[in-house]
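Here the structure comes first, spelled out in structure tokens, and everything after it is commentary.
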Amino acid sequence: MSNERRRARQAEPEPSAQELEQQRDHQRIERRALLKGALGLGGAVAAAGWASLAPPSWPLSLRDPDGERGKPKASVRSLPDGGFRVPDAPSVAELGVAHGTQLKPMLLAALDALGGIGRFIERGDVVVIKPNVAFERPAALGATTNPEVLTALIEIVREAGASEIRVADNPIESPSSCFVRSGIQAATQAAGARLFLPTPEEFALLGTPGATWIERWPFFWGPFVGANKVIGVSPIKDHNLCRASMTTKNWYGLLGGRRNQFHQDIHGIIADLALMLRPTFVVLDATRVLFRSGPTGGSLGDVKPGHTVVVSRDSLAADAYGWDNLLERQGEALPAYFAKSAARQLGQPDWRKLSLKEVNVG
Amino acid sequence: MFVRDGLRSYRRTYRLQEVYWGAAIAAGLLGVFVWVRYRGAHPDPALYDMSAALAAGPEPSAALEAARAPLADRGPGSLVPGAVASPASDASERGPLPTDLAAGAFHEGKIGAYTPDNLYVKIDGRAEYYLGFGLKSMHSVTLENASGASVEIELYDLGASRNALGCYNGERAPGAESTVESGSTFRFDRNAAFLTRGPYYARFVGSDESPEVVAEVKRLLELLRAKLPAEELPWAFDLFVDQLKLPASQVSYARENAFSFGFAHDVYKVSLSAANSQENMEAFVAVKADAAAAASMAKQFQDGFRSLGAAAGQTPAGVPLFKDEFLGSFSGASASDRWVLGVSSAPSAERAHQVLQQLEQGLHALPEAVRAKAQPAPEPAKGGEDE
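So the sequence lines, in the order shown, correspond to chains A and B. In terms of our numbering, the first sequence is residues 19 to 380. In terms of our numbering, the second sequence is residues 5 to 391.
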């Protein structure tokens, strides 16, 4: 204590007895005050305990056991309401089927059955084409989309006036190798389309309201930025789990993350895929049919020539046609994903109820 | 809280040093506040990183990136996803793949090593088939020539020769003939070949059916036949092949779900119909730990066959037969000591009786050593995991 302060304190007069009594009275803690204080302290401790220890889902809980609550939330993207479909046209067929060996005329003929490519693609459209490039297999083995069909499709879409055509898939195996080995990369580049390889920055969370498994799931979003038309072009394959992989299952290649877990409910996830993406139209590439040992195949003995393409806005109808006539499983019950998707009003598995136009080309 | 007038200050002045400290603390708190607000408005892009969207498994990102590298970027012997070993341990990376695979114009490309947990990285959608046969590991390698023609080898270690045999036969096209030779069973199919030897099942997939690719497929098959260790054939071969004189190439194995019955695991089958026949008659056997277990399984088979049709009398030996409602064929099963003997899809009750009788006779003629080695396989774990 400094000398000045000590001197100042010595200069202060001694408190009187009455003042001392008042000071003691002031310092005395009354029972009521003690209880109020204890209650306040207890309440504060309880509130702090609740905020810090209550499970995260409880009201006012601040608990963050894994740090995830503290992270800023990534935005959830969504595809357009109604998907990428074009308006109905009752006067034309719902299924266009073309047989032959000249792929571009076949595709044009199948599209003409549905009203022509002009019904689907307008000048300036940005079009995403989704082939199946799942495995590192040559196209001849039937596990991937025929690159010649893709080339013909790109040419038709460009001639219809599309300003940009994007080709994208997220394969099972190494993407680069799959695109090279399948011939899809060469076909895309030769036809002048833009190839999207799946890289982390191309993915985003996609919201699919009503989906069972993928209500929020990583999606190959990059190719869809600014796109207004989507076309799926998939091979027709036997499948070990869902029995047949065709145009609806093809959208699996747009998912990221640990998508293999969905194989526990393969039919459920395919029905979700039908809900997730409503395409402009789909092409069932049945130039080859992998009728056994799918979806990977490996032997040319498991592949037969199909000489057919099927085009439809309704992927379930196209797939059901393929099941009956191209996989030649007519009479066998359709895989369960057809019924699950149809229950959501996502298509018509009974293709015979739809108008169909079948043509032979060349 | 317990001091009355606790917030009242009895000091009228503060020292300059205290003011400085207070200002510094206030400035520090303000800085923290500004920093938190700034970081909130400009979050680290890594927080939104969707790398996990591409992560097909628990592999470290480096392995994933290596997997994503273009084919041309990979040197011989480089690893692809699902790699189970570090680059330093080359032998373990290759697993049972011989080191001298490459020859002539074909050079060895990438090697992939997979376990039951990440086989889907390679063959999503098909992995469950191999898991159902007790997959231990899978190694793959591609051999490619300068013109891009290639042969890919997929070598599955299924833990036991019976599993490999069942897996092989499950992928065999109806009517496709196999060759059984020196502990190997194999067949060719245009661009491809398939081999089972010991616990291994190998697929050789050529990129096309050109002569050079087919020749390479054959060379590789012969190489693996020579290099892979053989294993004693399962006891059922002694019964079907040695005793009943049936072709070894027709013997198959169902690790689980034989005849689509959930209870029927560890069942050996042999086809008794001609390759191009419309019939699909098969004899089958299973061994259990004791006679009671065998009787129980035989009863399950009987109940199963009954569910597909209706009772159709008995054989002269008293074995109940059942007629399939749709196929019109006859099936039946019985127990004999520790063994379950059966026939499915016989064209007539008489034929079913003959087959069951032959099985019974063959079983009794088995050498005691064979009978002793016939032991039931462990029950498959749920989810296709290994036995």
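For glycine and all other residues, C-beta sits at the position ideal for the given N, C-alpha and C. Fair warning: this is a prediction, and the values are worked out from it, not measured in the lab.
Open item on the list: Considering only their Cβ atoms, is the gap separating B:A234 from B:G202 smaller than 8 angstroms?
Closed with: As a working note, residue 202 of chain B is residue 198 in the second sequence. As a working note, residue 234 of chain B is residue 230 in the second sequence. Contact flag set, yes.
Task: Inter-residue Cα distance where the pair is B:L248 and B:L363 - done: Here the question's residue 248 of chain B lines up with position 244 in the second sequence. Here the question's residue 363 of chain B lines up with position 359 in the second sequence. Each residue's alpha carbon lies about 8 angstroms from the other.
Open item on the list: Restricting to Cα atoms, I'd like to know which of A:I147, A:S330 and A:W341 is closest to A:E112.
Closed with: In the first sequence, residue 112 of chain A corresponds to position 94, counting from 1. The candidate whose alpha carbon is nearest that of A:E112 is A:S330.
Open item on the list: Quick check on this structure: which residue in A:R155, A:A161, A:A170 and A:L171 has the alpha carbon closest to the alpha carbon of B:G152?
Closed with: Position 148 of the second sequence, counted from the start, is the residue given in the question as residue 152 of chain B. Of A:R155, A:A161, A:A170 and A:L171, the residue nearest in Cα terms is A:R155.
Open item on the list: Just to confirm the assignment, what range does the alpha helix (DSSP H) spanning B:S300 have?
Closed with: Your numbering for residue 300 of chain B matches position 296 in the second sequence. A295 to S311 is the extent of the alpha helix (DSSP H) around B:S300.
Open item on the list: Give me, in chain order, the residues of the same chain whose beta-carbon lies closer than 8 angstroms to that of A:D342; leave out the 5 immediate sequence neighbours on both sides.
Closed with: Taking the first residue of the first sequence as position 1, residue 342 of chain A is located at position 324. Taken in chain order, the residues that qualify are Q348 and W369.
Task: Sequence-distant residues of its chain with Cβ nearer than 7 angstroms to A:G100 (five each side left out) - done: Within the first sequence, residue 100 of chain A is the residue found at index 82, counting from 1. Within the same chain, A:G100 has close Cβ partners R296.
Task: Beta-carbon separation (whole angstroms), B:A278 vs B:V271, contact threshold 8 angstroms - done: Residue mapping note: residue 278 of chain B aligns to position 274 of the second sequence, counting from 1. Residue mapping note: residue 271 of chain B aligns to position 267 of the second sequence, counting from 1. A Cβ-Cβ distance of about 22 angstroms is found for the pair B:A278 and B:V271, leaving them out of contact under the 8 angstroms criterion.
Open item on the list: Against A:E166, what residues of chain B qualify as contacts under a CB-to-CB distance less than 9 angstroms, listed in chain order?
Closed with: Against the first sequence, residue 166 of chain A aligns to sequence position 148. Neighbours of A:E166 on chain B: none; closest Cβ ~15 angstroms, over 9 angstroms.
Task: Proximal residues to A:V185 (C-beta, below 6 angstroms), its chain only, five neighbours per side dropped - done: In the first sequence, the residue the question calls residue 185 of chain A occupies position 167. The answer, listed in chain order, is I147, T206, A211 and L213.
Task: Closer than 8 angstroms to chain A by CB, B:N149 - done: Counting from one through the second sequence, the residue named residue 149 of chain B turns up at place 145. Judged by the 8 angstroms Cβ criterion, B:N149 is not in contact with chain A.
TODO: Determine whether the Cβ of A:R310 lies closer than 8 angstroms to any Cβ atom of chain B.
DONE: If you number the first sequence from 1, residue 310 of chain A lands on position 292. It does: the Cβ of A:R310 has a partner Cβ on chain B nearer than 8 angstroms.
Task: Listed by chain order, chain A residues near B:A177 by CB distance under 9 angstroms - done: Position 173 of the second sequence, counting from 1, holds the residue named residue 177 of chain B. Near B:A177 (Cβ distances below 9 angstroms), the residues of chain A are R310, S311, S317, G319 and D320.
- [ ] Could you name the residues of the segment 214 to 229 of chain A whose beta carbon sits closer than 9 angstroms to any beta carbon of chain B, in the order they occur along the chain?
- [x] L215, P216, T217, P218, E219, E220, F221, A222 and L223
TODO: Just grab the DSSP bridge partners of A:F214 for me.
DONE: Residue numbering aside, residue 214 of chain A sits at position 196 when the first sequence is read from its first letter. Here A:F214 is bridged, per DSSP, to A:A186.
- [ ] Using a cut-off of 7 angstroms between C-beta atoms, extract the partners of B:D212 located in chain A.
- [x] If you number the second sequence from 1, residue 212 of chain B lands on position 208. Going along chain A in sequence order, the residues near B:D212 (Cβ under 7 angstroms) are P156 and A158.
Open item on the list: Please give me, in chain order, every unbroken run of the beta strand (DSSP E) with length at least 3 that falls completely inside the segment 108 to 160 of chain A.
Closed with: 113 to 118 and 144 to 149
- [ ] Measure from the C-beta of A:N150 to each C-beta in chain B and report whether the shortest distance is under 8 angstroms.
- [x] Against the first sequence, residue 150 of chain A aligns to sequence position 132. Chain B contact via Cβ: absent.
Open item on the list: Any beta carbon from chain A within less than 8 angstroms of B:N195's own beta carbon?
Closed with: Reading the second sequence from its first residue, position 191 is the one you call residue 195 of chain B. Yes, B:N195 counts as interfacial toward chain A.
Task: Environment of A:R87 [buried if 16+ CB atoms lie within 10 Å] - done: Here residue 87 of chain A is taken as the residue at index 69 of the first sequence, counted from 1. Exposed: under 16 other Cβ atoms inside 10 Å.
Open item on the list: Which of the three DSSP states is assigned to B:K114 in this structure?
Closed with: By one-based count along the second sequence, residue 114 of chain B stands at place 110. Reduced to three states, the DSSP call for B:K114 is strand.
Task: Contact residues within the segment 112 to 143 of chain B, judged by C-beta distance below 7 angstroms to chain A - done: Y124, K126, I127, D128, G129, R130, E132 and Y133
Open item on the list: Check whether chain A comes within 8 angstroms of B:R15, counting only Cβ atoms and requiring the distance to be less than that.
Closed with: As a first step, residue 15 of chain B must be located in the second sequence, where it is residue number 11. Not an interface residue.
TODO: Out of A:L126, A:W231, A:P105 and A:A72, state which residue places its alpha-carbon closest to the alpha-carbon of A:G380.
DONE: Numbered from 1 along the first sequence, position 362 holds the residue referred to as residue 380 of chain A. When each option's Cα is compared against that of A:G380, the closest is A:L126.
Open item on the list: Pull the bridge partners of A:D261 from the DSSP assignment, please.
Closed with: Working through the first sequence from its first residue, we reach residue 261 of chain A at position 243. Sequence inspection shows Arg at residue 261 of chain A; the Asp mentioned does not correspond to that position. Under the DSSP definition of a beta bridge, A:R261 partners with A:H257.
Task: For B:R98 and B:A92, the rounded distance between their alpha carbons - done: As a position in the second sequence, residue 92 of chain B is number 88, starting the count at 1. As a position in the second sequence, residue 98 of chain B is number 94, starting the count at 1. Only weak support is given to the placement of B:A92: the predicted model assigns it a pLDDT of 36, under 50, and the value that follows is read from those uncertain coordinates. One alpha carbon belongs to B:A92, the other to B:R98, and they sit about 12 angstroms apart.
- [ ] Flag A:H117 as yes if its beta-carbon sits less than 8 angstroms from any beta-carbon of chain B, otherwise no.
- [x] Here residue 117 of chain A refers to the residue found at position 99 when the first sequence is read from its first residue. Closer than 8 angstroms: no.
Task: Residues, ordered as in the chain, of the segment 250 to 265 of chain A that lie near chain B by beta-carbon distance below 7 angstroms - done: Result list: H257, N258 and L259.
TODO: Report the neighbours of B:V209 on chain A: residues whose CB is nearer than 8 angstroms to its CB, in chain order.
DONE: In the second sequence, counting from the first residue as 1, residue 209 of chain B sits at position 205. Under the 8 angstroms cutoff, chain A gives R155, L159, G316 and S317.
- [ ] Report the residues of the segment 186 to 201 of chain A with a CB closer than 8 angstroms to any CB of chain B, ordered along the chain.
- [x] N188, I190, E191, S192, P193, S194, S195, V198 and R199
Task: Selection of the segment 20 to 48 of chain B by Cβ proximity to chain A, strictly under 8 angstroms - done: G44 and P47
Open item on the list: Determine whether the beta carbon atoms of B:A295 and B:A353 lie at a separation below 8 angstroms.
Closed with: Residue mapping note: residue 295 of chain B aligns to position 291 of the second sequence, counting from 1. Residue mapping note: residue 353 of chain B aligns to position 349 of the second sequence, counting from 1. No, Cβ-Cβ distance for B:A295 and B:A353 is not below 8 angstroms.
Task: Where A:M294 sits in the DSSP three-state scheme - done: Here residue 294 of chain A refers to the residue found at position 276 when the first sequence is read from its first residue. A:M294 falls in the helix class under three-state DSSP.
Open item on the list: I'd like to check one pair, B:A316 with B:F330: are the Cβ atoms closer than 8 angstroms?
Closed with: Mapped onto the second sequence, residue 330 of chain B falls at position 326. Mapped onto the second sequence, residue 316 of chain B falls at position 312. Not in contact: B:F330 and B:A316 (Cβ atoms no closer than 8 angstroms).
Open item on the list: Considering just the uninterrupted stretch of the alpha helix (DSSP H) at A:D337, what are its terminal residues?
Closed with: Working through the first sequence from its first residue, we reach residue 337 of chain A at position 319. Its alpha helix (DSSP H) spans residues S333 to N343.
Open item on the list: Between A:P90 and chain B, is the shortest Cβ-Cβ distance under 8 angstroms, so that the two count as touching?
Closed with: Translated into the one-based positions of the first sequence, residue 90 of chain A becomes position 72. A:P90 counts as touching chain B.
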